[in-house]
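Residue numbers (the numbering used here), protein chains in the order written: chain F, 1 to 180; chain H, 1001 to 1387.
Glycine is no exception: its CB is placed at the ideal position from the N, C-alpha and C atoms.
It should be emphasised that the depicted structure is a prediction, and the values quoted were computed from it without experimental measurement.
Read through the structure below, which is laid out as structure tokens, and then see the notes.
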């Protein structure tokens, strides 16, 4: 475990990345007892435009609030992958949605068909952001699964608890391989 | 609809992972805000949205006005009935509030005006950061007047600063400006809200005079007149014109001077109470970064990086931007001669820092105004360049 993680969740508007960032930050700061700062940027479009949520999760108070080179990059669109894949640390990980993105294989690059898994295994495409959170937790440990589940359940519409839990838990069942 | 949730911790305090804008409303409600009038504008809109959602639950009122001019008028009227009131806006709306801001100053109406700064002039850069309204906060409304402006750097500081803004407004019967910025307004961090028994709240002092003997601007109790709420049997006049103790217009020279002097002295005689700064590692520093608002955070990171390379950098955050921290700058520049003023504008507060600095101090501006948040690397490079 590192003392400080710079995390970039990137993709298109409508994929739930800001929500994922809020859940992750709340899990880390309110339930895991760490320090977290989340910032975001998006274009004027509500859907389809480039979108990212950025977090710094640290054992101590965070001054400068924005990531420079990421320890963890999540890329859910081709545009996001192309734009941010080079701003990752040497020992950082890239989690790329292999059902949507053409990527270069390499050390630390983990292709996972996140959106396809949300459709096939969860039965609901819009849970891809939650599947991604489960994957990040299982692969990196930056935020605990228990904390993520608590934060997730407090932010979702009533009646969607079971499907969201299922989406989050998917990450625990996957095997992670890089350089493939 | 709210996009955050507050939880109770083991000590009964509410905690949450919230935006600066959301934290501002939570703190305002704790401070006693019961009326908000506004006209939503990016990047401040969440303040209006959360106020609309939460105020009715506490017996308060929210009103969306037709524009910023009337919003400012509404919070003045609300305050004159005895309620604690607030409005929130950004640069273009702040411009429109200036006339009524002067009206609130001359009539000594407690209220809080939040300006979540974005790039300007005019509609400028709606979704991007700037800190270019510092001088507008000071001199945007015309005439000689004092002003209090507070500029927090973190979501936690938004909580303490908002409560403080209401307290200062009530204590000195004056509008207080909370000067935020786009990055801080939209940034999420964990906050721990104080319990009600942990907050010191100040309420404006009420008159004990009868309606017949009451004078709204009487000075017999000191520089801050005692208040009587409209709607409780006290009938009196307030006006934007220079007025006497009874509130009626006057051009008598001694009354003109005495009102203007008192408006200033009630603030300027209490600088130790009003002016608050935060110092970071200034004890052994030979280089000082002076900043305010969210730019302070980059300065602190630059200081940490610089110190790792052996550079003795310290940081001064002007938590109270106005009145200016003259005494603190004088004292620090007696020993630190290498001074940088970091602000996300083309150079505004640097004029004040230069004016107050020791004559041997070299004061240099580090400015960024392209809509993008300044980085620690950019600050350190400028510090190294100038040597």
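Along the region 88-102 of chain F, there is no position whose C-beta sits under 7 Å from a C-beta of chain H. Only those residues of the region 1028-1048 of chain H whose C-beta falls short of 8 Å from the nearest C-beta of chain F would be listed, and there are none. Excluding sequence positions up to five before and after residue 1139/H, its CB lies less than 8 Å from no other CB in the same chain. Excluding residues up to 5 positions away in sequence, 75, 96, 101, 103 lie with their Cβ nearer than 7 Å to the Cβ of residue 81/F in the same chain. Of all residues in the region 22-40 of chain F, the ones placed with a Cβ closer than 8 Å to any Cβ belonging to chain H are 22, 25, 26, 29, 30, 35, 36, 37, 38, 39, 40, in chain order. Within the region 59-75 of chain F, the residues whose Cβ lies closer than 9 Å to some Cβ of chain H are 61, 62, 63, 64, 65, 66, 68, listed in chain order. Within the same chain, and ignoring the five residues on either side of residue 118/F in sequence, the residues whose Cβ sits closer than 6 Å to its Cβ are 125, 127, 128, 131.
Per DSSP, the continuous alpha helix (DSSP H) segment holding residue 1352/H begins and ends at 1350-1356. Here DSSP, grouped into helix, strand and coil, assigns residue 1243/H to strand.
With a cut-off of 8 Å on Cβ pairs, the region 132-148 of chain F is in contact with the region 161-175 of chain F, counting three or more such pairs.
Identification of chain H residues near residue 155/F by a Cβ-Cβ cut-off of 9 Å yields 1003, 1004, 1005, ordered along the chain.
For residue 1262/H and residue 18/F, the gap between their C-alpha atoms comes out near 50 Å. For residue 1070/H, the secondary structure class from DSSP, reduced to helix, strand or coil, is helix. Taken residue by residue, none of the region 1136-1149 of chain H has a beta-carbon sitting less than 7 Å from a beta-carbon on chain F. Residue contact with chain F for residue 1373/H: present (Cβ-Cβ distance below 8 Å to some residue of chain F). With a cutoff of 8 Å on beta-carbon distance, residue 1163/H and residue 1274/H are scored as not near each other. Membership of residue 52/F in the beta strand (DSSP E) is indicated by the continuous run 50-58.
The shortest CA-to-CA distance from residue 111/F to any of 39/F, 122/F, 159/F, 180/F is the one to 180/F. The continuous alpha helix (DSSP H) containing residue 1136/H extends over residues 1134-1139.
Proximity of chain F to residue 1189/H at the Cβ level (cut-off 9 Å) is accounted for by 25, 29, 35, 36, 37, 38, 62, 65, in chain order. Residue 22/F: member of the alpha helix (DSSP H) spanning 17-26, first to last residue.
Nearest neighbour of residue 1372/H by Cα position, chosen from 1106/H, 1007/H, 1118/H, 1008/H, turns out to be 1118/H.
Boundaries of the beta strand (DSSP E) harbouring residue 1343/H: 1338-1343, taken from the DSSP string. Taking every protein chain shown into account, the CB of residue 1382/H has 16 or more other CB atoms within 10 angstroms, so this residue is buried. Shown here, residue 1369/H sits in coil according to DSSP, grouped into three states, outside any helix or strand.
Judged by DSSP in its simplified three-state form, residue 1056/H adopts helix. Within the region 1156-1190 of chain H, contact with chain F at the beta-carbon level (separation under 8 Å) is assigned to 1183, 1186, 1187, 1188, 1189, 1190. The residues 1013, 1015, in chain order, have a CB closer than 6 Å to that of residue 1192/H in the same chain once the five nearest residues on each side in sequence are set aside.
In this chain, the alpha helix (DSSP H) harbouring residue 1166/H covers 1155-1172. Out of 1359/H, 1378/H, 1348/H, the CA that lies nearest to the CA of residue 1132/H is found in 1348/H.
With respect to chain F, the C-beta atom of residue 1298/H has a partner C-beta closer than 8 Å. For the region 1005-1019 of chain H, the beta-carbon criterion of a distance under 8 Å to any beta-carbon of chain F is satisfied by 1005, 1007, 1015, 1016, 1017.
Below the 7 Å Cβ cutoff, chain F contributes 63, 64 as neighbours of residue 1301/H, in chain order. In the DSSP assignment, residue 1279/H falls within the unbroken beta strand (DSSP E) covering 1278-1280. In this structure, DSSP gives residue 1217/H a state outside helix and strand, which the three-state scheme calls coil. Contact between residue 1183/H and residue 1294/H holds: their C-beta atoms lie close to 5 Å from each other, under 8 Å.
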